[in-house]
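To convert, take the position in the sequence shown, counting from 1, and add 25; that gives this note's numbering.
See below for the structure under consideration.
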Amino acid sequence: MLSVNLGDGSGVSAVLATEALTKRYRRHDALSDCSLEIPEGHVVGLVGPNGSGKSTLLNLAAGLIRPTSGTVRVLGETPAASPAQLSKVGFVAQNTPTYEGLSVSDHLRFGAHTNPGWDHSLAQRRIAQLGLDLTRRAGKLSGGQRAQLALTLAIAKRPDVLLLDEPVAALDPLARREFLQILMETVADHQVSVILSSHLVADVERVCDYLVILISSRVQLAGEVDELLASHHRLVGPREGVAAAPENQVIVDSSYTERQATLLVRSDGPITDPAWIVEAVSLDDLVLGYMSQGKRGGGPATAPEIPR
Numbered sequence: 026m027l028s029v030n031l032g033d034g035s036g037v038s039a040v041l042a043t044e045a046l047t048k049r050y051r052r053h054d055a056l057s058d059c060s061l062e063i064p065e066g067h068v069v070g071l072v073g074p075n076g077s078g079k080s081t082l083l084n085l086a087a088g089l090i091r092p093t094s095g096t097v098r099v100l101g102e103t104p105a106a107s108p109a110q111l112s113k114v115g116f117v118a119q120n121t122p123t124y125e126g127l128s129v130s131d132h133l134r135f136g137a138h139t140n141p142g143w144d145h146s147l148a149q150r151r152i153a154q155l156g157l158d159l160t161r162r163a164g165k166l167s168g169g170q171r172a173q174l175a176l177t178l179a180i181a182k183r184p185d186v187l188l189l190d191e192p193v194a195a196l197d198p199l200a201r202r203e204f205l206q207i208l209m210e211t212v213a214d215h216q217v218s219v220i221l222s223s224h225l226v227a228d229v230e231r232v233c234d235y236l237v238i239l240i241s242s243r244v245q246l247a248g249e250v251d252e253l254l255a256s257h258h259r260l261v262g263p264r265e266g267v268a269a270a271p272e273n274q275v276i277v278d279s280s281y282t283e284r285q286a287t288l289l290v291r292s293d294g295p296i297t298d299p300a301w302i303v304e305a306v307s308l309d310d311l312v313l314g315y316m317s318q319g320k321r322g323g324g325p326a327t328a329p330e331i332p333r
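Quick look at the structure:
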């Protein structure tokens, strides 16, 4: 079992905590043996290739589906266990669901009717900022406008945590930027925790300070973005030197030319071996390195085979 604990030991409660969480559909594991603890107060990027389990994890956290085995808790409670727990969670699904036949105003009335903590002034203000016509039906809105309407409904219920499942995947670059800008304004204004799934690393890099990488239904890496970047390095050196790579390094990914080796490594300390050129890595480098490792079927402590 792979267990990843993001807690800092300071007593901060977890926005999402899972233990050996598994969701199985017949013989297929959509999520497998996931143990994870994410503290409150962060914008978390949940990344991985399509089919890696991102949507499954968020649907479990939202209480829309039940685990096959293991446990999941959101803000210390079982998802959808009570109306009070439901009121703490805002969820925007991958297809940013809205009701095509209802107007924008109808959506706001529906939100007020179904959410006891509904903030009507906040909803009205967001709609005005977006320039949406209250009388226009959702089916006549653009994809970006529907996404913003769905986000407004989630925000106006005044949740403690927002779960966003690929909310900008189908949007053009301008609509994505506007969506993420509204999201960050909400985080700044209302101190809400966010878990945002995406396969667009640039969007995650723009807004997220925590990272969880899911590969093949398993957690491969989790932690604070700055700390993860600081603990990973690109090493460039002679190919024959790989057998004598610096101590206390875990090789995450590797590539080779006839004479040169380039390694992505995770390190517990500084790398002082003069045989290696040490370079910083970007978030894109980090995510792609672990995705390449997952494609090979390795794990965080498994070094790839060195070709000879």
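All residues carry an ideal CB built from backbone N, CA and C; glycine is no exception.
- A check of alpha carbon separations from Asp309 across Ile296, Val275, Trp301, Arg231 identifies Arg231 as the nearest.
- Bounds of the alpha helix (DSSP H) holding Ile152 are 145-155.
- Counting C-beta atoms within 10 angstroms of its own C-beta, Leu89 has fewer than 16 neighbours from the protein chains shown and is therefore classed as exposed.
- Taking 7 Å as the cut-off, the Cβ atoms of Ser223 and Val229 count as close.
- In the DSSP annotation of this structure, His257 is not part of any alpha helix (DSSP H); the continuous beta strand (DSSP E) holding it starts and ends at 257-263.
- Shown here for Ala175: same chain residues with a beta carbon closer than 7 Å to its own, the five before and five after excluded, namely Val117, Thr121, Pro122, Thr123 in chain order.
- Residue environment analysis places Ser242 among the buried positions, since at least 16 neighbouring C-beta atoms fall within 10 angstroms of its C-beta.
- DSSP places Ser130 in the uninterrupted alpha helix (DSSP H) bounded by 129-139.
- Per DSSP, Pro92 lies in no alpha helix (DSSP H) and is assigned neither H nor E.
- The secondary-structure analysis by DSSP pairs Val290 across a beta bridge with His258, Ile276.
- In terms of Cβ geometry, Arg98 and Ala55 do not form a close pair [threshold 7 Å].
- Here DSSP, grouped into helix, strand and coil, assigns Gly169 to helix.
- Rounded to the nearest angstrom, the Cβ distance from Ala181 to Trp143 is 6 Å, consistent with a contact under 8 Å.
- Scanning its chain for C-beta atoms nearer than 8 Å, with the 5 sequence neighbours on each side dropped, one finds around Phe204 the residues Gly169, Ala172, Gln173, Leu176, Pro192, Val193, Leu196, in chain order.
- In summary, Lys165 is exposed, with fewer than 16 beta-carbon neighbours lying within 10 Å of its beta-carbon over all protein chains present.
- Sequence-distant partners of Leu155 (beyond 5 residues in either direction) whose C-beta falls short of 6 Å from its own C-beta, in its chain, are Gln173.
- By the Cβ test, the stretch 42-51 is not in contact with the stretch 207-217, since fewer than three Cβ pairs between them sit closer than 8 Å.
- Straight-line measurement puts the Cα of Ser256 at about 32 Å from the Cα of His215.
- Taking every protein chain shown into account, the CB of Ser280 has fewer than 16 other CB atoms within 10 angstroms, so this residue is exposed.
- In the three-state scheme derived from DSSP, where H, G and I count as helix and E and B as strand, Gly70 is classed as strand.
- In the DSSP annotation of this structure, the continuous segment of the beta strand (DSSP E) that includes Lys48 starts and ends at 39-50.
- Going by DSSP, Glu62 is part of the beta strand (DSSP E) stretching over 53-64.
- Annotation: the continuous beta strand (DSSP E) that includes Val114 extends over 114-117.
- Of the candidates Leu82, Arg52, Phe135, Leu82 places its Cα closest to the Cα of Ile240.
- Looking at the DSSP output, Gly248 sits in a beta bridge with Leu236.
- Non-local beta-carbon contacts of Leu246 in its own chain, meaning distances under 6 Å to residues more than five positions away in sequence, involve Ile238, Tyr315 in chain order.
- Following the DSSP letters along the chain, one finds Asp190 inside the beta strand (DSSP E) bounded by residues 186-190.
- CA-to-CA, the gap between Val267 and Ala300 works out to about 10 Å.
- In the DSSP assignment, Ser223 is bridged to Val72.
- Within the model, the alpha-carbon separation for Pro64 versus Thr160 is close to 40 Å.
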